[in-house]
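To start, the structure under review is shown below, and the notes come after it.
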Amino acid sequence: MTELELRGFRILPGYLDGARQAALVDGLRAVAAKAPLFTPMTPMGRAMSVRMTSAGRYGWVSGSSGYRYDAAHPGGGPWPDIPGGVLQIWRDLVSARRDPDCCLINYYGEGARMGLHQDRDEADFSWPVLSISLGDDGLLRVGNTARGGSTVSHWLRSGDVVVMGGDARLTYHGVDRIRFGSSSLLSGGGRINLTCRVVD
Ligand code: SIN
Ligand code: MN
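Numbers 1 to 200, taken from my numbering, label the letters of the sequence shown in order.
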């Protein structure tokens, strides 16, 4: 067992072949055409370095009122449907009984990162979070279910899928950096991470 598996992370390296990755990117471009990427602000008023949007019944938004799910894009209007290719991965790996309510789409351009955090804005932690990586390599850092303690790092590559359930569901995690330009999947470079969540 790897250190990450010991912490409950189920990693499926290269789960998606190149054709499936490219098809997902096409679907995500259509989502972003309807629900444009935006720069989220932390509750402290700082711009996050990732840009994000969502698909599904809910999108994840942040701002002076804190972190929450919202049925509307910050620009107004509902979020687009979750692309079928994303739903298929969820149904194959998580559940065919219940689809996710939200697919959060994070785009990491050059220099973008994400600090250690827990995913805890959902109502029911018995549902795992499904994470899909596309494009440039990203260095995932995984901590513990409480703040502090030792961490373990792992490079996520395009096509890798991670299921964060059980002990991993409330484990602190973040992305220290990306290797900009390491993948040719996205024409402009960068990394996309999708996280599918059951919200309520
Ligand atoms: C997240 O925690 O929302 C993103 C994780 C990742 O980019 O791999
Ligand atoms: Mn997260």
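Yeah, the Cβ is synthetic: ideal placement off N, Cα and C, and Gly gets one too.
For L6, there is no enclosing beta strand (DSSP E); the enclosing alpha helix (DSSP H) covers residues E3 to L6.
The alpha carbon of V175 has as its nearest neighbour, out of P83, R191, V163 and D167, the alpha carbon of R191. Near the ligand SIN, meaning a Cβ closer than 5 Å to any of its heavy atoms, lie the following residues in chain order: V175, N193 and T195. Just measuring C-alpha positions, the residue of I132, G138, M164 and V163 sitting nearest G181 is G138. When rounded, the separation of the alpha-carbon atoms in A72 and G148 is 35 Å.
Counted as a single uninterrupted DSSP element, the alpha helix (DSSP H) harbouring V31 occupies residues G18 to K34.
Proximity of the segment 29-48 to the segment 74-88 meets the contact definition, three or more beta-carbon pairs being nearer than 8 Å. Between the segment 86-93 and the segment 60-67, the count of C-beta pairs closer than 8 Å stays below three; the two stretches do not touch.
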